[in-house]
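Residue 95 in UniProt numbering is what sits at position 95 of the sequence shown, and the numbering runs on without skipping anything.
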Amino acid sequence: MLRSSRTATHFVPIFSRSFCVPSSAVKPLTPEDIKVTDRAHQRLKKILAEGERLRVEVDGGGCSGFEYKIKLDTKLQKDDRLWKGDNVEVVIDDLSLGYLRGATIDYVEDLMKASFRVVNNPVAEKGCSCGSSFALKMD
């Protein structure tokens, strides 16, 4: 994931996700941070292998400016936050959490595909029809 740090005149990319930490060193996510539906939780219980967790990230891109990236992952980084529930874990890095706080992770099956999706995101306003990208609300 591309990160940036602010300097006096511009943003400088930082690629610093090269080391892993134990789950005991990762901060927990609260119910105010993120919700996971029963449907998503049950699907994760079926598909996750030992040591795997669902990673949800926000990155620049997509048709609306930001896009959700949802994948299975086995590594934890020092800036990750962890949701745990009945042998299931969802991980979100601190930067992405700023764009996801209060949202819900759901598992949706429709005629075209079945996938995990971010729904009811309070900071998102417009999105594309596939549900993978969004624009920020400007208050």
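Yeah, the Cβ is synthetic: ideal placement off N, Cα and C, and Gly gets one too.
Here the structure is a predicted model, which means the values were calculated and not measured.
Cα-Cα, which of the options is closest to residue i?
i, options, result
"glutamate 57", "Glu32, Asp94, Thr37, Gly85", "Asp94"
"residue 140", "Leu136, Ala135, Lys137, Thr37", "In this structure the chain extends from 1 to 139, so residue 140 is not present and cannot be described."
"asparagine 120", "Tyr99, Lys113, Asp110", "Tyr99"
Less than 7 Å between C-beta atoms, sequence neighbours within five positions excluded: which residues of the same chain meet that for residue i?
i, result
"lysine 69", "Glu57, Asp59"
"alanine 40", "Ile105, Asp106, Tyr107, Phe116"
Where does residue i fall in DSSP's three states?
i, result
"serine 115", "strand"
"proline 28", "strand"
So, for residue i: in the same chain, excluding its five sequence neighbours on each side, which residues have a beta-carbon less than 8 Å away from its beta-carbon?
i, result
"cysteine 20", "Lys75, Leu76, Gln77"
Could you pull out every residue in the same chain whose Cβ sits closer than 6 Å to the Cβ of residue i, ignoring the five residues on either side in sequence?
i, result
"aspartate 79", "Asp93, Asp94"
"arginine 101", "Asp33"
- Item | Touching by the beta-carbon criterion (3+ pairs, under 8 Å), the stretch 45 to 52 and the stretch 101 to 110 | no
- Length at least 4, wholly inside the UniProt domain "Core" (34 to 131): the alpha helix (DSSP H) runs in chain order: 38 to 47, 94 to 100
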